[in-house]
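Written below as structure tokens is the structure these notes are about.
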Amino acid sequence: MLLINAINTYAEVETRYPNLGLGYLAASVRKNLSDAPVEFKIIDRNIQQVIKEFKPDLAGITSVSQNFNIARQYADYCGSQGIPVVMGGIHLTCIPESLPESASAACLGDSEWTFVKLNTRDSILGRWGTYKNQTPGVRVLP
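Quick note on this note's numbering: the sequence shown kicks off at 19 and runs consecutively.
Laid out in structure tokens, this is it:
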């Protein structure tokens, strides 16, 4: 699973520290789905190269508002490669209707539990609709 922090790599303040939220998501999945080992990679740049080498089954992308266009580009690229995309972060939590069509779902708010629910076998296989209106904090495109 590839977890991407959409940042402006030219802004030193955005590259100074790693994104802890993505680490929490990975830890939550490992803890709650321990019977299904998942390999994680957390990145904030070079997504095309990483996707080519890592070949993820799922991409999770987080973003703040000022970098949402970067996140959208990442989602579009992942979608063009046939990789399901789950997006999250404060931007989508505040404006969930901005979820791009290239994304399969959004996790809204603190997403450790909802991200676990979206990473069950059924959702990875593309049956996102089963969670619509059933899992708090999840938005799925119609």
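The C-beta atom is built at its ideal place from N, Cα and C for all residues, glycine as well. For clarity, every value in this text was computed on a predicted model and none was experimentally measured.
Residues sharing a beta bridge with residue i, DSSP
{"i": "residue 59", "result": "20"}
{"i": "residue 78", "result": "21, 104"}
Element boundaries [alpha helix (DSSP H), containing residue i]
{"i": "residue 98", "result": "86–98"}
{"i": "residue 29", "result": "Careful: residue 29 lies outside any alpha helix (DSSP H) and carries neither H nor E."}
{"i": "residue 162", "result": "A question about residue 162 goes unanswered here, because the residues of the chain that appear run from 19 up to 160."}
{"i": "residue 136", "result": "130–136"}
Sub-8 Å separation of residue i and residue j beta-carbons
{"i": "residue 23", "j": "residue 111", "result": "no"}
{"i": "residue 100", "j": "residue 120", "result": "no"}
Residue from the options with nearest C-alpha to residue i
{"i": "residue 83", "options": "109, 68, 96", "result": "109"}
{"i": "residue 133", "options": "78, 38, 33, 58", "result": "78"}
{"i": "residue 66", "options": "44, 32, 20, 52", "result": "20"}
Interface flag, residue i vs chain B, CB-CB below 8 Å
{"i": "residue 93", "result": "The structure shown contains no chain B; it is built from a single protein chain."}
Any contact between the region 57–71 and the region 21–35? By contact I mean 3 or more CB pairs, one from each, below 8 Å. yes
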